[in-house]
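Residue numbers (the working numbering): 28 to 534.
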Amino acid sequence: MPQLKEEYDIVIIGSGLGGLLCGYVLAEEGKSVCILEKNAQIGGNLQTFKRDKVKFDSGVHYIGGLDKGQALYPFFRYFNLMDNVEKDLLDKDAYDVISFENDKAHYPHGQGYENFVQQLLRHFPHEEKGLRKYCGEIQRICEKFEWYNLDRDYTETDEMSAFSLSAKQVIASCTSDQKLQKVLAGSNLLYAGDGESSPFYIHALILDSYIGSAYKLKHSDQISKQLRKDIKKMGGHIFIDAEVIKINNTPKFVEYVELAGGETIRGKQFISNIHPTQTFRLLNTEGLRKVNVNRMMQLENTTSAFILYIKLKPNTFKFSNCNRYHFIDEDVWNAHSYDPDNWLKALAIFNSRPNTQTFYAHTLTAMAYMKYEDVKRWEDSFNTTLSESERSDDYVKFKKERAEEMIAALAKIYPDFDSCIESYYTATPLTQRDYTGAIEGGLYGIKKDFNAPVKSFISANTKLDNLFLTGQNVILHGVLGVTISAMVTCQFILGKKYMLDKLKAFA
Ligand SMILES: Cc1cc2nc3c(=O)[nH]c(=O)nc-3n(C[C@H](O)[C@H](O)[C@H](O)COP(=O)(O)OP(=O)(O)OC[C@H]3O[C@@H](n4cnc5c(N)ncnc54)[C@H](O)[C@@H]3O)c2cc1C
28 MPQLKEEYDI VIIGSGLGGL LCGYVLAEEG KSVCILEKNA QIGGNLQTFK
78 RDKVKFDSGV HYIGGLDKGQ ALYPFFRYFN LMDNVEKDLL DKDAYDVISF
128 ENDKAHYPHG QGYENFVQQL LRHFPHEEKG LRKYCGEIQR ICEKFEWYNL
178 DRDYTETDEM SAFSLSAKQV IASCTSDQKL QKVLAGSNLL YAGDGESSPF
228 YIHALILDSY IGSAYKLKHS DQISKQLRKD IKKMGGHIFI DAEVIKINNT
278 PKFVEYVELA GGETIRGKQF ISNIHPTQTF RLLNTEGLRK VNVNRMMQLE
328 NTTSAFILYI KLKPNTFKFS NCNRYHFIDE DVWNAHSYDP DNWLKALAIF
378 NSRPNTQTFY AHTLTAMAYM KYEDVKRWED SFNTTLSESE RSDDYVKFKK
428 ERAEEMIAAL AKIYPDFDSC IESYYTATPL TQRDYTGAIE GGLYGIKKDF
478 NAPVKSFISA NTKLDNLFLT GQNVILHGVL GVTISAMVTC QFILGKKYML
528 DKLKAFA
């Protein structure tokens with residue numbers, strides 16, 4: 028552990044991807060940076076864990092837009108990640124596969140817009156016009172976003188005009204074929220899709236990046252480890268087991284933060300990488316505008332999930348170089364809404380293999396929505412590596428029952444699946460809450476709503492002169508969204524033109 032400085036130029040709360048990226052940018056500018064992480068492991072959703080000698084990724088499985096000319100390319104080069112994070116291109120013709128119970132077809136999402144159209148035309152031969160319209164709509168919306176297209180002049184940005192479009196409605200406006208609509212929306216677990224609220228721009232930014240190029244990461248913690256290495260090299264300090272329990276501020280600015288261990292950390296500027304509501308809970312809100320405080324306290328969040336991590340027996344389960352989104356209930360826009368006896372409506376399935384020469388997978392991760400209220404009765408418990416505690420026997424029983432339901436659903440997709448399982452582990456909304464600080468375990472932070480876009484809009488710039496926000500709640504979640512959000516945060520400190528020019532050199 029480094030020696031604490033009396034004062035830092037920049038103090039960052041949370042070492043999620045957003046915190047680390049801001050730390051990198053600012054350390055590279057010669058600022059003294061201190062990153063404070065409550066957990067034993069840095070990275071937030073990039074954390075990995077080992078069970079039974081295999082390593083699982085807790086969150087991020089695949090990223091898009093990494094090829095030259097695409098959205099993440101200049102950023103990954105600037106952050107020294109391009110050659111230091113192992114990744115493999117997913118199947119060009121089917122990086123994602125959408126499937127439905129009682130339908131034998133596997134509907135592929137291919138990489139490259141033309142290929143995307145051609146792959147789906149095999150299943151929907153009369154829908155070329157609709158498919159091309161859909162691709163055109165995605166590209167038209169992505170064009171509007173600053174930082175997404177570095178070479179465009181955004182003096183008159185009109186991002187806002189994209190915020191009030193509904194994902195479900197835009198897709199429906201491209202084709203009247205109901206099945207194709209479902210297939211096009213089929214990977215909406217990537218943003219906790221909800222037909223009544225999900226904006227099209229989120230669908231567009233995410234899909235555009237994957238249609239551009241979709242890469243499976245060997246392990247998500249390679250990103251956080253590489254960033255840590257470089258931040259340290261540039262003189263930055265990163266502290267683990269350093270939970271911020273209080274932000275000490277006047278109505279105008281932050282003076283210092285206080286850690287659970289009693290230490291105080293002073294800084295000239297502060298960046299919070301944690302949820303805005305959590306940030307406001309740590310602040311002294313006296314003297315701050317009540318409307319603003321109330322808004323921050325009442326933000327609605329995306330739903331949570333139950334995740335099953337399976338270690339597979341050697342040489343039993345054939346590896347597929349794609350991700351799968353399987354719908355038991357065909358209403359793809361409503362999988363998050365279920366009643367207790369009809370819980371499992373959709374599954375996201377990711378498999379991995381130890382190396383590219385191997386024909387068989389060694390892990391499989393399956394994820395399904397789960398509401399926080401399903402685990403609320405155990406909410407007073409807390410369990411992480413640093414603060415281990417047994418939750419209770421009925422919680423263990425609950426997890427086992429849900430895991431068995433999920434395994435039964437997987438066995439319908441993959442015959443003899445039971446015989447491939449060596450061991451399994453589970454995560455619930457409480458796991459997500461405890462390990463990342465996500466409110467009620469919400470998967471992707473604040474819920475965005477096309478009906479009321481301003482309500483969920485979070486600026487990186489706060490009313491306090493030296494407090495900024497970053498991470499998935501500013502702009503967008505995911506590796507791409509959080510990267511752009513970090514740029515937006517740092518632009519308030521370093522200037523937009525300066526940062527844009529810097530990045531353009533890596534384009
Ligand atoms: C199950 C799952 C699968 C996903 N899959 C993908 C994917 O395949 N591809 C993709 O691009 N994205 C994916 N995402 C989304 C992506 O992982 C997140 O959007 C992104 O990692 C969030 O980064 P963040 O910077 O907002 O911080 P977070 O990851 O939320 O990290 C916040 C950090 O702050 C720390 N913290 C909280 N409170 C305090 C405190 N008081 N003091 C100190 N530290 C604190 C936390 O411990 C944590 O380390 C997935 C997310 C989930 C949940």
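The beta carbon of each residue, even a glycine, is placed where N, CA and C say it ideally should be.
Every value quoted in this text rests on a predicted model; they were computed, and no experiment measured them.
Review point. Going along the chain, which residues of its own chain have a beta-carbon closer than 6 angstroms to the beta-carbon of glutamate 327, five neighbours each way excluded?
Key: Lys474
Exercise for review: Give a single yes or no on whether serine 240 has its beta carbon closer than 7 angstroms to a heavy atom of ligand 1.
Suggested key: no
Check your understanding: What residue from Met187, Trp174, Gly222, Glu432 has the CA that sits closest to glutamine 196's CA?
Key -> Gly222
Check your understanding: Quick one: what's arginine 429 bridged to in DSSP?
Key -> None, per the DSSP bridge assignment.
Practice item. Report the rounded CA-to-CA distance for glycine 314 versus proline 278, giving the unit in angstroms. Key: 5 angstroms
**Study point:** Best match in Leu192, Leu158, Tyr35, Leu73 for proximity to serine 225 [C-alpha to C-alpha]
**Key:** Leu192
Point to revise | Check whether alanine 132 and histidine 150 have beta carbons under 8 angstroms apart | key: Yes, they are a contact pair.
Review point. From serine 303 to aspartate 178, what distance separates their C-alpha atoms?
Key: The sequence as given places proline at residue 303; serine does not occur at that position. Taking the straight line from one Cα to the other gives about 31 angstroms.
Review point. So alanine 487 packs on valine 501, CB below 8 angstroms; how close in whole Å?
Key: That belief holds up - the Cβ atoms of alanine 487 and valine 501 are roughly 5 angstroms apart, short of 8 angstroms.
Review point. Less than 7 angstroms between the CB of isoleucine 502 and some heavy atom of ligand 1, yes or no?
Key: no
Check your understanding: Taking C-beta to C-beta, are isoleucine 265 and glutamate 64 nearer than 8 angstroms?
Key -> In terms of Cβ geometry, isoleucine 265 and glutamate 64 form a close pair [threshold 8 angstroms].
**Study point:** lysine 427 versus aspartate 123 - alpha carbon distance
**Key:** 28 angstroms
Exercise for review: Please work out which residues of its chain come closer than 8 angstroms, Cβ to Cβ, to glutamate 154, disregarding the five sequence neighbours upstream and downstream, and give them in chain order.
Suggested key: Leu147, Leu148, Thr202, Asp204, Leu207
Check your understanding: How do the stretch 405-424 and the stretch 305-319 stand: do at least 3 beta-carbon pairs fall below 8 angstroms, yes or no?
Key -> No contact exists between the stretch 405-424 and the stretch 305-319.
Point to revise | Burial state of lysine 398, where buried means 16 or more other Cβ atoms lie within 10 Å | key: buried
Exercise for review: Would you check if the distance between the CB atom of leucine 503 and the CB atom of threonine 516 is smaller than 8 angstroms?
Suggested key: no
Practice item. Reducing DSSP to helix, strand and coil, say where methionine 109 ends up. Key: Coil.
Review point. Is there at least one non-hydrogen atom of ligand 1 closer than 7 angstroms to the beta-carbon of glutamate 270?
Key: yes
Check your understanding: Which stretch, first to last residue, makes up the alpha helix (DSSP H) that contains arginine 293?
Key -> That residue, arginine 293, is in no alpha helix (DSSP H); its beta strand (DSSP E) goes 291-299.
Point to revise | Residue from Glu173, Leu158, Ile229 whose Cα sits closest to the Cα of phenylalanine 190 | key: Ile229
Point to revise | Sequence-distant residues of the same chain with beta carbon closer than 7 angstroms to aspartate 461, five excluded per side | key: Phe409, Asn410, Thr411
Point to revise | Residue nearest to threonine 330 in terms of C-alpha spacing, selected from Asp528, Gln166, Glu467, Ile337 | key: Glu467
Point to revise | Neighbour-count burial assignment, lysine 424, 16 or more Cβ in a 10 Å radius | key: exposed
Practice item. Kindly identify the DSSP beta-bridge partner or partners of leucine 496. Key: Beta-bridge partners of leucine 496 (DSSP): Ser299.
Check your understanding: Is there at least one non-hydrogen atom of ligand 1 closer than 7 angstroms to the beta-carbon of isoleucine 40?
Key -> yes
Review point. Less than 8 angstroms separating the beta-carbons of alanine 67 and leucine 413?
Key: yes
Check your understanding: How about the stretch 29-49 and the stretch 283-297: do they share at least three Cβ pairs that are nearer than 8 angstroms?
Key -> yes
Exercise for review: Counting only the same chain and skipping the five closest in sequence on each side, list residues whose C-beta sits under 7 angstroms from that of isoleucine 109.
Suggested key: A quick correction: the sequence has methionine, not isoleucine, at residue 109. These residues qualify, in order along the chain: Phe103.
Review point. Under the criterion of a Cβ to heavy atom distance below 7 angstroms, does alanine 332 qualify as lining ligand 1?
Key: yes
**Study point:** Start-to-end residues for the alpha helix (DSSP H) that takes in proline 456
**Key:** 456-463
Practice item. In the DSSP assignment, find the alpha helix (DSSP H) that holds phenylalanine 143 and state where it starts and stops. Key: 140-148
Practice item. List the residues that DSSP assigns as beta-bridge partners of proline 397. Key: Correcting the residue identity first, residue 397 is methionine in this sequence and not proline. According to DSSP, methionine 397 bridges with Ser331.
Practice item. Measure the Cβ-Cβ separation of isoleucine 267 and tyrosine 51 and say whether it is below 8 angstroms. Key: Isoleucine 267 places its beta carbon 8 angstroms or farther from that of tyrosine 51.
**Study point:** Any non-hydrogen atom of ligand 1 within 7 angstroms of valine 506 CB
**Key:** yes
Review point. Heavy atom of ligand 1 less than 7 angstroms from the Cβ of lysine 171, yes or no?
Key: No; taking the cut-off as 7 angstroms, the Cβ of lysine 171 has no heavy atom of ligand 1 nearer than that.
Exercise for review: Drop a sphere of 10 angstroms on the beta-carbon of methionine 324, count the other beta-carbons inside from all chains shown, and report buried for 16 or more, exposed for fewer.
Suggested key: Exposed, since its Cβ has fewer than 16 Cβ neighbours within 10 Å.
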